[in-house]
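Protein chains in written order, with this note's numbering: chain A, 1 to 270; chain B, 271 to 562; chain C, 563 to 843.
Glycine included, C-beta positions come from ideal geometry on N, C-alpha and C.
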Amino acid sequence: MATATATIQGVNWIRLRKKVLSRTTCRGIVSLVGFVVLWEICVRLNVPIIGNVPAPSSVLDALGKQLVSPAYWLSWRDSMIRILTGFVAAQIVGIPIGLMLGVNRMARDTIYPIFEIMRPIPPLAWVPASVIFWPTPELSMIFVTFLGAFFTVVLNIVGGAKSIDIRYIRAAHSLGSTRRDIFWRIMLPATMPSIVVGMTVGMGVTWAVVVAAEMIASQSGLGYLTWRSYVAGEYPVIIIGMLSIGVAGYLSSAGIRVLAGRLTPWLKVR
Amino acid sequence: MTTNVDALPQAAEAKAPNSWTIALFNLRLWLKSSTPYLNLLGLAGFVLLWYLLTEYFKVPYFEKLPGPVASFREWVSEDPAYGISLYTPDYYQHIGTSVMRVLKAFVLATLLGVPLGLFMGWKKIFRDYTFPLLETLRPIPMLAWVPLSILMWPGREASIVFLTFLGSFFATVLNTLLGVESIDEVYFRAAHSLGAKPRHVFFKIILPGSLPFVFTGLQISMGFAWFSLVAGEMLAGEYGLGYLIWNSFILVQYPVIIIAMVTLGVIGWLSSALIRLVGDRLMQWKVREACR
Amino acid sequence: MNASASGMSPRGSISIREVTKIYDPDGAKVLAVDNCSMEIEAGEFCVLVGPSGCGKTTLLNAIAGFHGITTGEIWLDGELLCSGARTPSPGADRIVVFQNGALFPWFTVLENVTFGPVVQGGMSKAEAHDRARTMLGQMGLMGIENNYPSEISSGMRRRVEIARAMMNDPRVLLLDEPFRAMDALTKTVVHQFLLDVYDKSRKTVFFITHDLEEAIFLGSKVYIMTTRPARIKKVLDVDIPRPRDFRALSSATYLRLKQECIEAVHEEALKAFKAGEREMA
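Written out as structure tokens, the structure is:
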């Protein structure tokens, strides 16, 4: 072969260097730095609308204080617990329901329309009803979080299970599979990509819901931190709250992606 | 099923002679199957369960929730106990306010987002500069913007519309970009080979080629718009369905919450159905592909 | 356009001189085409045969102008098209018909066929539509012009794509395994179609395939390529008289050429197969 690959211990160094120093990366950094500088200038010059946003320099100032404050980290913990509980509960309830609806036509015809009807109602509209129903605000918030992810998960799985290529099932039948085999060895893995998509999208929705629910009806968490900073007039902290939520959301999506790679190894080949 | 029935009359207009027959045939087939009856059964069962839990047996916890009968009575009452029903102008004002806000935000997001996304997909250098910014801002849920947007904009109206706009803007841009990227390289090559100039590539390849994704994006973005709107209205509104939900909660007028939620659901559904309709009209080639 | 072209001496001679192409993705140098030379006369039906992935398409893409070459030169009608220093650009004088088809799914057949003249600005839309209708009629493709590509059969699509190329009166027709993944029956139909088009227009055709029988049946000259890096292993002159039809497939000349071809190609195919296995491991 006429391939002269510069591989040392499995790492393609030329490729890595090319990637890190690529024009795309440089441009990305330039644009981000430019954005921050422009923002600072706009605030300094008191440009209308953007001028009302706290300047990056003041945010940096406030960040130092927040990072050493235990209250800040408690907000992280509280939001994370809510996300995790709501999200995991949504998976535990949603995946079996989604699979059942996907596999059983009769169940799908009966129950699916209820989901179709509930879906367009924004999850936040559930907050009051949930607060009325659940005995503690904490439970009601977790419930709303759960709902946000739940619909996404179920709808994705049903879509995935419905679109399984019938040939796989026929092949399994002709190879002598029982119904149980078909469920565990064909339906479940074939639906796995949709489950993963449901998780990814669901995680995004979960964060949006938690943040809003915390703003509306809670005394803790990153959403509350952001809202309280607004009420208390500590404007730079608003930005810190937003960025923290962004980082937290990004980290959870990254976590899901790792999990997704484990669950669907056959999709990673390319 | 429903999408098929929706789509077919469209194709019929565009000189596909037997589409109507197909639609009718499909409809008849659908009515003969158990599907529509099971659908009805499921929905009726759901409402019945809700009724039994909240109003008939008054199961603990559930009894606090508004029941379907009470909510429905309130909705159709000419003299509603809590001031909101089909016969009160207030109800329509809330609806009107919310719809106007979503409309403004959605139109703005589409007008800015689609060209931006197309342009990002078209010119790599432009994409290199803008995409990282977008990616940095995207993980922040739209609702975390609430305080900032109140701070930025004078007046609540502008901040709610801005919030709603943000919700749909990101979805629109990213899906449009995805749409451009989904176009097979071979179409660009074919166009170049046939002598297309850059503007032709833009208008004849990139624009139509990304339309399916753009419309998926618009549907998602409509969903996000309603989502953010409700949050914005709950926190800062003076009118609108989100505000109505929150206000009724505070004033302990629980049946109104259900009325507003159902109304939101119906309008949300209608708005995405409308987008689907427009999309089908613009993408005859997709519709006909689906008919085959 | 057409009138002036028919008045001139036939155009479309291609001269490929010592062309080498090295791909360099991620610093891994891959030699795709190695020192390849061929002279294609104007109006010749030239077929390149070789195992899949041997670098034939690289050569075609260089002529089409999709990418440059590392060293060597390619000339078209005495003009330098591309060389190591000169990156080519695609043009409507060298139209490509792609492997998996590239009819724009969002345009109707008529819009697809008139795409070239319309974007080049050479014709008004009405004029282009008229010409396209006439041409589709001559080619036996009437009655589908308002359909979308997804609504017609794959054989039909391939014929429309050839019609779309012919609408531009190109100097060279570049076909990149256009009939791959087609069933045998459809293939016979599109083969006959292409032969008819060629007999009527006498355009230079540069045709790539891995199917020997197709190569001999269609081509005037068949170049057998080696496994990557692509070199020319053998050149065959196909002296089956034109116009050809399916009867040519049972002629003695055809069978003799096929035999010759099979021997040459089989060796290369084995090499390619082994190389592929090595790559996978």
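- Distance from the Cα of Ile83(A) is smallest, within the candidate group Pro265(A), Gly261(A) and Ala212(A), for Ala212(A).
- A straight-line Cα-Cα distance of about 32 Å links Ala831(C) and Ala727(C).
- Separation of Ala293(B) and Leu299(B) (C-alpha to C-alpha, rounded to the nearest whole angstrom) is 10 Å.
- Among the residues facing chain C, Ile475(B) is included, as its CB has a counterpart in that chain under 9 Å away.
- In the pairwise beta carbon analysis, the region 393-404 of chain B is classified as not touching the region 223-233 of chain A: fewer than three pairs are separated by under 8 Å.
- Taking 9 Å as the threshold, the shortest C-beta distance from Arg648(C) to chain B does not fall below it.
- Among the residues of the region 232-266 of chain A, those with a Cβ less than 8 Å away from any Cβ of chain B are Tyr235, Ile238, Ile239, Gly241, Met242, Leu243, Ile245, Gly246, Val247, Gly249, Tyr250 and Ser253, in the order of the chain.
- Counting only runs of 4 or more residues that sit fully inside the region 175-217 of chain A, the alpha helix (DSSP H) segments are 188-217, in chain order.
- Relative to Asn623(C), the option among Gly640(C), Ile578(C) and Glu606(C) whose CA is nearest is Ile578(C).
- Chain B places no beta carbon closer than 9 Å to that of Phe768(C), leaving this residue out of the contacts.
- When C-beta distances to chain A are compared with 7 Å, the residues of the region 285-318 of chain B below that value are Ser304, Thr305, Leu308, Asn309, Leu311, Gly312, Leu313 and Phe316, in chain order.
- Nearest CB-CB separation between Pro667(C) and chain B: below the 9 Å threshold.
- Within a 10 Å sphere around the beta-carbon of Pro96(A) sit fewer than 16 other beta-carbons, which makes this residue exposed.
- Identification of chain C residues near Gly507(B) by a Cβ-Cβ cut-off of 9 Å yields none; the smallest Cβ-Cβ distance measures about 42 Å.
- Secondary structure of Arg733(C) (DSSP, three-state): coil.
- Leu447(B) sits away from Gly493(B), with the two beta carbons spaced by 9 Å or more.
- Chain C places no beta carbon closer than 9 Å to that of Val384(B), leaving this residue out of the contacts.
- Of the candidates Phe440(B), Gly312(B) and Ala351(B), Phe440(B) places its Cα closest to the Cα of Val384(B).
- Near chain C, meaning a CB-to-CB distance below 7 Å, the residues of the region 434-462 of chain B are Val456, Tyr457, Arg459, Ala460 and His462.
- Within chain C, the C-beta atoms nearer than 7 Å to that of Leu464(B) come from Ala654, Ile657, Phe677, Gly678, Val681 and Asn730, in chain order.
- Close to chain B, meaning a Cβ-Cβ distance shorter than 9 Å, is no residue of the region 75-91 of chain A at all.
- From the beta-carbon of Phe741(C), no residue of chain B is found nearer than 9 Å; the closest lies around 16 Å away.
- Taken in chain order, the unbroken stretches of alpha helix (DSSP H) that lie wholly in the region 584-662 of chain C and span 4 residues or more are 618-626.
- DSSP places Asp398(B) in the helix class (H, G or I) of the three-state scheme.
- For Ala375(B), the nearest beta carbon of chain A is not closer than 9 Å to its own beta carbon.
- Ranked by Cα distance from Ile528(B), the options Ala260(A), Trp126(A), Gly51(A) and Ala71(A) are led by Trp126(A).
- Chain B places no beta carbon closer than 9 Å to that of Ser715(C), leaving this residue out of the contacts.
- When Leu521(B), Ser480(B) and Thr305(B) are compared, the shortest CA-CA separation from Phe389(B) is found for Ser480(B).
- At least one beta carbon of chain C lies nearer than 9 Å to the beta carbon of Gly479(B).
- Residues of chain C with a Cβ closer than 8 Å to the Cβ of Arg426(B) do not exist; the shortest Cβ-Cβ separation is about 43 Å.
- Straight-line measurement puts the Cα of Ile724(C) at about 54 Å from the Cα of Ser368(B).
- In this structure, Tyr230(A) lies away from Leu323(B), with their beta-carbon atoms at least 9 Å apart.
- Contact holds between the region 525-544 of chain B and the region 112-122 of chain A, because three or more Cβ pairs, one in each stretch, are under 8 Å apart.
- Per DSSP, the unbroken beta strand (DSSP E) holding Met787(C) starts and ends at Lys783 to Met787.
- By a beta-carbon distance limit of 8 Å, Gly86(A) contacts Ile142(A). Their separation comes to about 5 Å.
- Within chain C, no residue has its CB atom less than 7 Å from the CB of Arg551(B), the nearest being about 14 Å off.
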